[in-house]
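Numbering (the working numbering), first residue to last: 1 to 439.
For glycine and all other residues, C-beta sits at the position ideal for the given N, C-alpha and C.
Right, one structure below, let's go through it.
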Amino acid sequence: MKKVAKFGGSSLASAEQFKKVGEIIHADQDRKYIVPSAPGKRFADDTKVTDLLYACYHTAEDGEDIKLILEEIRDRYQEIIDGLELDLSLEQEFAVIGKNIREHAGADYAASRGEYLNGLVMAAYLGFTFIDAAEVIFFDESGEFDADKTHKILSARLAEEESAVIPGFYGAMPDGTIHTFSRGGSDITGSIVAKALHARLYENWTDVSGFLVADPHIIRNPQSITTITYRELRELSYMGATVLHEDAIFPVRQQGIPINIKNTNCPEDPGTMIVESTCHKPKYTITGIAGKKGFVAINIEKAMMNSEIGFGRKVLEAFERNGISFEHVPSGIDTFTVFVHQTEFEEKEQSVISDIHRLAKPDSIDLEADLALIAVVGRGMRGTRGTVGRIFSALAHARINVKMIDQGSSELNIIIGVANQDFEAAIRAIYDIFVLIEL
Ligand code: ASP
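Pasting the structure below:
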């Protein structure tokens with residue numbers, strides 16, 4: 001019964017946090033494969049070690065001295081080593097890292113050292129084998145994660161070890177240079193390790209007790225989510241992104257391994273289980289609400305559009321040519337609307353508009369900016385009458401105008417477009433009608 005436990009930066013920010021992590025690992029015999037992040041923030045305006053390392057890289061690239069910043073990083077680790085009373089010296093490692101950064105080993109190399117060093121500390125603390133991620137996690141020439149090569153080499157390597165620490169966030173390119181995932185990428189490493197081990201569970205330890213039904217900055221003390229499916233989480237990706245890296249679900253999902261989001265500071269909390277499928281009924285009709293501001297709707301009109309084969313493709317090609325991804329495309333009989341991120345679209349808007357004209361020859365194009373999209377998601381909505389009606393009436397009572405609504409045929413999600421300024425009020429109204437009333 002193998003479990004993979006990944007610990008985030010705040011769980012490993014100090015010796016005190018390391019001790020909590022040690023207790024968690026020792027409390028369960030099955031926790032034998034550990035994936036650490038780099039030390040994160042110890043207090044609100046502290047700096048993460050990863051950010052210090054990026055700063056170190058930039059300082060070196062600017063031709064300035066990195067001595068001071070490197071010392072600051074070394075002190076962070078030394079404080080942990082001293083606090084844990086470990087017989088470990090990183091002097092040699094820091095000499096090599098300093099030399100490589102000065103010799104322009106690259107931003108990814110610099111950033112990855114946070115996890116690398118924390119992995120060494122963690123392995124020494126637990127008495128587990130240290131496996132350098134550069135030897136088992138691989139990227140291809142274009143920097144894409146190489147799942148097949150990794151799976152083969154990593155599973156063979158892990159089969160030799162009864163327990164191991166594998167640092168998160170980085171791996172190696174075909175030529176051996178270090179490459180990282182995007183920020184927060186240790187979550188992905190944890191998922192890859194769980195897949196390679198055919199683990200029973202992937203535990204992702206962080207500083208919150210799982211996902212909440214809605215953003216606590218908008219709803220005071222929102223309810224927590226005990227079980228969520230991978231698909232629901234994808235639909236709520238606006239919300240999950242800060243707790244779990246979006247790409248972390250893919251490796252484990254292929255093998256139906258559940259992820260349990262747990263809180264290092266409250267290990268007895270059950271946290272959130274992310275599963276492939278479940279017959280556990282959600283507490284409420286909806287599982288979660290999430291959203292984002294800052295979208296533009298591009299409304300394209302053309303008489304008889306519905307009978308023109310290929311119209312949608314031509315419109316979307318204009319976006320593709322300009323390198324803009326779209327979020328939603330609700331359509332009517334003579335209208336076709338494309339929702340895109342405002343920041344991505346703004347600088348290219350005139351080029352997109354002229355491409356649409358050239359490719360699709362519409363009658364008119366009209367833009368509406370400053371829109372927010374809200375996703376109301378839940379497996380409990382499937383086959384439940386009146387969900388949309390309840391949302392509409394809640395929004396009408398809150399005097400909010402709905403600009404767009406889009407329900408996927410899976411009945412798993414409803415997307416609502418409102419003005420940016422109505423965003424918070426809309427989320428509150430929807431939360432109240434589903435969660436407060438059903439409590
Ligand atoms: N340390 C890296 C970051 O700050 C990766 C991670 O924590 O997952 O983004």
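Looking only at C-alpha atoms, which of the options sits nearest to residue i?
| i | options | result |
| --- | --- | --- |
| Leu84 | Leu68, Val121, Gly98 | Val121 |
| Thr59 | Ala107, Thr337, Gln254 | Ala107 |
| Val35 | Phe7, Asn306, Val329, Arg102 | Phe7 |
| Glu327 | Leu316, Ser112, Ile333 | Leu316 |
| Asn118 | Ser351, Ile225, Ser10 | Ser10 |
| Glu452 | Asn322, Ala394, Arg358 | With the chain covering 1 to 439 only, the question about residue 452 has no answer from this structure. |
| Gln78 | Asp366, Gly389, Val49 | Val49 |
| Asp28 | Lys41, Ala38, Leu12, Ala5 | Ala5 |
| Gly185 | Phe169, Gln254, Tyr57 | Phe169 |
| Ser277 | Ser307, His245, Lys314, Leu233 | Leu233 |
| Thr335 | Ala159, Lys314, Glu301 | Glu301 |
| Ile356 | Val376, Asp65, Glu320, Phe434 | Glu320 |
| Val252 | Ser155, Tyr202, Glu235 | Tyr202 |
| Arg157 | Asp140, Asp132, Ser142 | Asp132 |
| Asp187 | Met404, Thr227, Asp247 | Asp247 |
Shorter than 6 Å, the distance from the beta carbon of residue i to the closest heavy atom of the ligand ASP, or not?
| i | result |
| --- | --- |
| Gly184 | yes |
| Lys48 | yes |
| Phe169 | yes |
| Gly9 | yes |
| Ala38 | yes |
Can you tell me the Cα-Cα spacing of residue i and residue j, whole angstroms?
| i | j | result |
| --- | --- | --- |
| Phe181 | Gln92 | 26 Å |
| Lys292 | Ile178 | 34 Å |
| Thr287 | Asp422 | 22 Å |
| Asp175 | Gly98 | 21 Å |
| Ala297 | His341 | 9 Å |
| Asp406 | Arg379 | 16 Å |
| Ser14 | Thr229 | 33 Å |
| Arg76 | Thr264 | 20 Å |
| Ala199 | Trp205 | 16 Å |
| His151 | Gly22 | 28 Å |
| Tyr54 | Gln350 | 36 Å |
| Gln255 | Glu438 | 34 Å |
| Gln17 | Asp82 | 13 Å |
| Ala147 | Gly389 | 44 Å |
| Pro258 | Val275 | 5 Å |
| Val243 | Ile374 | 18 Å |
| Gln223 | Val352 | 42 Å |
| Ile249 | Ser191 | 7 Å |
| Asp46 | Lys19 | 20 Å |
| Ala134 | His26 | 27 Å |
| Pro166 | Met173 | For clarity, residue 166 is Ile in the given sequence; the question names Pro instead. In a straight line, the C-alpha of Ile166 is about 17 Å away from that of Met173. |
| Leu126 | Tyr284 | 42 Å |
| Ile69 | Pro39 | 15 Å |
| Glu161 | Ile433 | 52 Å |
| Ala123 | Ile137 | 18 Å |
| Leu154 | Lys32 | 15 Å |
| Arg42 | Arg358 | 55 Å |
Run the CB neighbour count on residue i, radius 10 Å, all protein chains shown included, and call it buried at 16 or more, exposed below.
| i | result |
| --- | --- |
| Asn221 | exposed |
| Lys361 | exposed |
| Ile261 | buried |
| Ala303 | exposed |
| His397 | exposed |
| Met444 | This structure cannot settle anything about residue 444, because the visible part of the chain is limited to 1 through 439. |
| Thr189 | buried |
| Val96 | exposed |
| Leu210 | With the sequence shown as reference, residue 210 is identified as Gly, and Leu is not the correct amino acid for it. Flag for Gly210 reads buried. |
| Asn401 | exposed |
| Cys56 | buried |
| Thr384 | exposed |
| Arg113 | buried |
| Ser37 | buried |
| Pro216 | exposed |
| Thr343 | exposed |
| Asp366 | exposed |
| Glu235 | buried |
Would you please verify whether the beta carbon of residue i is less than 7 Å from any beta carbon of chain B?
| i | result |
| --- | --- |
| Leu86 | Among the chains in the structure shown there is no chain B, since it carries only a single protein chain. |
What residue ranges within the segment 364-432 form continuous alpha helix (DSSP H) runs of no fewer than 4 residues, ordered along the chain?
Qualifying alpha helix (DSSP H) stretches, in chain order: 387-397, 423-431.
Restricting to runs no shorter than 4 residues, where is the alpha helix (DSSP H) found entirely within the segment 206-293?
Qualifying alpha helix (DSSP H) stretches, in chain order: 230-235, 237-240, 249-253.
Just list the alpha helix (DSSP H) runs in the segment 7-46, keeping only unbroken ones of 4 residues or longer that don't cross its boundaries, in chain order.
Fully enclosed alpha helix (DSSP H) runs of no fewer than 4 residues occupy 15-26 of the segment 7-46, in order along the chain.
Along the chain, which unbroken stretches of the alpha helix (DSSP H) at least 4 residues long are found entirely within the segment 313-359?
Whole alpha helix (DSSP H) segments, 4+ residues: 342-346.
As an exercise, report each continuous alpha helix (DSSP H) stretch of at least 4 residues that is fully enclosed by the segment 139-187, in chain order.
As far as the segment 139-187 is concerned, its whole alpha helix (DSSP H) runs of at least 4 residues are 147-159.
Inside the segment 49-131 only - alpha helix (DSSP H) runs reaching at least 4 residues
For the segment 49-131, whole alpha helix (DSSP H) runs of length 4 or above, ordered along the chain, are 49-61, 67-83, 91-102, 107-126.
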